[in-house]
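Engineer: In case it helps, our numbering puts the sequence shown at residues 54 to 621. All residues carry an ideal CB built from backbone N, CA and C; glycine is no exception. Quick one: the structure is below, and I'll ask about it shortly.
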Amino acid sequence: MTQGSPAGTATDWILCPGCATPVYGKRWTANLSVCPDCGRHDRLTARQRLGQLLDQDESELLAVSTGEHDPLEFVDQLPYPQRLARARAATGLDEAMLCARGRILGAPVVVAVMDFGFLGGSLGAAVGDRVVLAAETALEHQIPLLVVTASGGARMQEGAISLMQMARTSASLARLDRAGILTVSLITDPTFGGVAASYATLSDVIVAEPGARLGFAGRRVIEQTLRQELPPGFQTAEFLADRGFVDLIVPRQRLRYELARLLRAGGAGRGDAVGGPALPERVVIRDPARLPATDAWEQVRAARDLTRPTTLEYFALALDDFQELHGDRLGDDCPAVVGGTAWLDGRPLMVVGHQKGHTPAEVASRGFGMATPAGNRKAARLMRLAEKLGLPVVTLVDTPGAFPGATAEEQGQAYAIAENLRLMAALRVPSVAVVVGEGGSGGALALATANRVLMMANSVYSVISPEGCAAILWKGTDAVPRAARALRMTARDLLSLGVVDGVVPEPIGGSGADHLASAQHLRAALRECLGELAALSAEQLVEHRRRRFERFGVGDLRADGATLTGPA
């Protein structure tokens, strides 16, 4: 009986390394070396990985020469050249990485795959050569790069030369950042040391197989060095996803599908415009006179109605193929902010929004839609990725405000909001923000500094809640309806003030009465606004946004009395 995944025939039995269950070899192979009982994802060779990921009729290995390389003339129990010779004989590879150019479900990609069986997938100069080659090939052909990692870390036999590969490979990925080319890491078990602290975690999107371990120092090193007792599941993909370091955990059977979705979105942007032809009848209401006068407090209550569609529901109903991405890469994944890629009229977008829910329990689990600093930083990370890839940004606002707790203050809530304001003001891609429910204070504005700002007809948007305003200025709760009226926070009021550029109509009975109709209105509004912005260059988009917000001053900022002009 064979342990693990290496080649099985129809008569072989494989003993799962995780649960010790015997699995018929043919079943093991058909299940992509994943145990059908415990779900353990066994290690694959680099050739097996390429065979599972790439469309076989359109893939080719990238040629790279590997000569003898022993910069230190290193000898432990064996001279380094002998160790290399043994690894080559055992694996049939000349080094610990294979690179190929091909397609995944038709999406073009360059793939660099590590093989843990070759000296523990260690990072030496020859592996560095391959990472650089893969990056340069992706740059040359303007297609995404996928790196599949499996490594114990830097190669000790090459000393400081191995250490230099961390900087060298990181510089290669930086070139792809400047060129606007998507990079994706697929983390497999294990990924540690110098690989984890360089190209494995520098990618735009980090995907991991279930149970894959990722970290700089391994569990045993930490426990022995610091005498710390580490929690169960420490450094696993699941552990890291909870802390905002992994975008997606994807079982092996779905990898091709999920990776292809990412690659298509990342490879299709490149500055393409979004928006269909001019509509004979525009859906966005631009004239306040077309909106009925409503009681402000009643509209606040309508905006907070838990039957209204959530942001995730709008992403699913108004857009196509939403793929959620997770994490702020700094230690958390705030559930009050969701985002990822989606499609509109055959073009990719980056979408971000506040998420509440339909029940008190669900709303509570989402932090009442109030972003923590991690939520705002996740949003910022996704918007930066959108700018890199040339994707328009769409944000949906539905929050009473930023999370006000002590922990949020300790983690820099004000800084996170301020950074989002600056980031959104300077984005070199079109941006549209829509207040779909409650727009509260700086927490709302952190996702609403856009070229076009819209409101759903029954939504509200204000510097403070009516309750907060009444408590501060009227010293009690009796004046809450009066405060709501005084704040002029309804869609009609804000369109009159120019705070919003348009209002999206809601179906009879409000958005909560017909989710699909409301989503269709939103889709039409996004198409309309993105179409209007499509003709503007990156510089014009930034200037357009600056002028839009510049008009909210009191006086003339120019000494000669000239007025600021330009489309808003």
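Going by Cα to Cα distance, which pick from Cys387, Ala424 and Leu402 is closest to Gln376?
Structural biologist: That would be Leu402, whose Cα lies nearest to the Cα of Gln376.
Engineer: Closer than 8 Å is the cut-off here; do at least three beta carbon pairs connect the segment 353 to 363 with the segment 280 to 295?
Structural biologist: No, the segment 353 to 363 is not in contact with the segment 280 to 295.
Engineer: So which of Ala99, Arg335 and Ile517 has the shortest CA-CA distance to Cys582?
Structural biologist: Ranking the options by Cα distance to Cys582, first place goes to Arg335.
Engineer: Between Asp398 and Glu148, what straight-line distance do the alpha-carbon atoms span, to the nearest angstrom?
Structural biologist: About 44 Å.
Engineer: Go ahead and label Phe605 buried or exposed: buried means 16 or more other beta carbons lie within 10 angstroms of its beta carbon, across all protein chains shown.
Structural biologist: Looking at its Cβ environment, which holds fewer than 16 other Cβ atoms inside 10 Å, Phe605 is exposed.
Engineer: Looking at the unbroken alpha helix (DSSP H) that takes in Gln105, where does it start and where does it end?
Structural biologist: Unbroken alpha helix (DSSP H) run through Gln105: Ala99 to Leu106.
Engineer: So Gly393 is in the beta strand (DSSP E); what residue range does that whole segment cover?
Structural biologist: Gly393 -> beta strand (DSSP E) spans Val390 to Leu397.
Engineer: DSSP three-state label for Gln109, please.
Structural biologist: Three-state result, Gln109: helix.
Engineer: Buried or exposed: Tyr310, going by 16 or more other Cβ atoms within 10 Å of its Cβ?
Structural biologist: By the 10 Å Cβ count, Tyr310 comes out exposed.
Engineer: Please name the residue in Gly155, Val303 and Arg598 whose C-alpha comes closest to that of Leu114.
Structural biologist: Leu114 has its Cα closest to that of Gly155, out of Gly155, Val303 and Arg598.
Engineer: Report buried or exposed for Arg601, applying the criterion of at least 16 other Cβ atoms within 10 angstroms of its Cβ.
Structural biologist: Arg601 comes out buried.
Engineer: Please report the Cβ distance between Phe224 and Ser215, rounded to the nearest whole angstrom; I am assuming they are in contact, meaning their Cβ atoms lie under 8 Å.
Structural biologist: The question names Phe, but residue 224 in the sequence shown is Ala. Not quite, the Cβ-Cβ distance comes to about 16 Å (not below 8 Å), so this is no contact.
Engineer: Considering Cys582, what are the terminal residues of the alpha helix (DSSP H) in which it resides?
Structural biologist: Taken as a continuous stretch (DSSP letters only), the alpha helix (DSSP H) holding Cys582 covers His568 to Leu586.
Engineer: Rounded to whole angstroms, how far is the Cβ of Val274 from the Cβ of Ser238, which I believe are closer than 8 Å?
Structural biologist: Not confirmed; about 22 Å, so no contact.
Engineer: Looking at C-alpha atoms only, which residue of Ala395, Ala501, Glu351 and Pro345 is the closest neighbour of Ala407?
Structural biologist: Reading the sequence as shown, one finds His at residue 407 and not Ala. With distances taken between Cα atoms, His407 lies closest to Ala501.
Engineer: If you drop the 5 nearest sequence neighbours on each side, which residues of the same chain put their C-beta closer than 6 Å to that of Pro197?
Structural biologist: The answer, listed in chain order, is Val162, Leu235, Leu316, Gly319 and Gly320.
Engineer: Can you find the residues in the same chain that come closer than 6 Å, C-beta to C-beta, to Leu378, ignoring five residues on each side of it along the sequence?
Structural biologist: Excluding sequence neighbours, Leu378 sits near Asp300 and Gly393.
Engineer: Determine the contact status of Thr241 and Glu262, defining contact as a CB-CB distance below 8 Å.
Structural biologist: Result yes, Cβ atoms of Thr241 and Glu262 sit closer than 8 Å.
Engineer: Rounded to whole angstroms, what's the CA-CA distance from Val405 to Ala467? Just pull it up for me.
Structural biologist: For Val405 and Ala467, the distance between alpha carbons rounds to 19 Å.
Engineer: Met509 and Val487 look like a contact to me (Cβ under 8 Å); what is the Cβ gap, rounded to whole Å?
Structural biologist: Sure, about 7 Å apart at Cβ, within 8 Å.
Engineer: Taking C-beta to C-beta, are His411 and Leu372 nearer than 8 Å?
Structural biologist: It is not a contact, given that the beta carbons lie outside the stated cut-off.
Engineer: Just mark Cys72 as buried or exposed, buried being the case when its beta carbon has 16 or more other beta carbons within 10 Å.
Structural biologist: With fewer than 16 Cβ atoms within 10 Å of its Cβ, Cys72 is classed as exposed.
Engineer: Can you grab the Cα-Cα spacing for the pair Ala544 / Gly563, in whole Å?
Structural biologist: Roughly 14 Å between the two C-alpha positions.
Engineer: Taking 8 Å as the cut-off, does the segment 470 to 481 touch the segment 421 to 438 (at least 3 CB pairs, one atom from each stretch)?
Structural biologist: Touching, yes.
Engineer: Below 8 Å on the Cβ atoms is my contact criterion, and I expect Ala455 with Ala499 to pass it. Report the Cβ-Cβ distance as a whole number of Å.
Structural biologist: So it is a contact: roughly 7 Å between Cβ atoms.
Engineer: What is the DSSP secondary structure of Gly533, reduced to helix, strand or coil?
Structural biologist: The question names Gly, but residue 533 in the sequence shown is Val. Reduced to three states, the DSSP call for Val533 is helix.
Engineer: Just verifying my parser: in three-state terms, what is the DSSP assignment at Gly172?
Structural biologist: Checking the sequence shown, residue 172 turns out to be Leu, not Gly. If DSSP states are grouped into helix, strand and coil, Leu172 belongs with the helices.
Engineer: Got a sec, what are the start and stop residues for the alpha helix (DSSP H) Gly181 sits in?
Structural biologist: Ala178 to His194 is the span of the alpha helix (DSSP H), which, as asked, contains Gly181.
Engineer: With DSSP collapsed to three states, give me the class of Ala73.
Structural biologist: Looking at Ala73 - three-state DSSP - the assignment turns out to be coil, as it is neither helix nor strand.
Engineer: Label Ala83 either buried or exposed according to how many other C-beta atoms from any shown protein chain fall within 10 Å of its C-beta, with 16 as the threshold for buried.
Structural biologist: Exposed, because fewer than 16 other Cβ atoms sit within 10 Å of the Cβ of Ala83.
Engineer: What does the alpha-carbon distance come out to for the pair Gln464 and Leu383?
Structural biologist: Whole-angstrom Cα-Cα distance: 11 Å.
Engineer: Using CA coordinates, which residue listed in Leu199, Ala356, Gly170 and Leu226 is at the minimum distance from Val185?
Structural biologist: Looking at the Cα atoms, Leu226 is the closest of the given residues.
Engineer: Would Pro426 be called buried (16 or more neighbouring beta carbons within 10 Å of its own) or exposed?
Structural biologist: It counts as buried.
Engineer: Do you know how far the Cα of Phe245 is from the Cα of Pro333?
Structural biologist: Note that Pro333 has pLDDT 49, beneath the 50 cutoff, so the model's placement of it is unreliable and no number is given.
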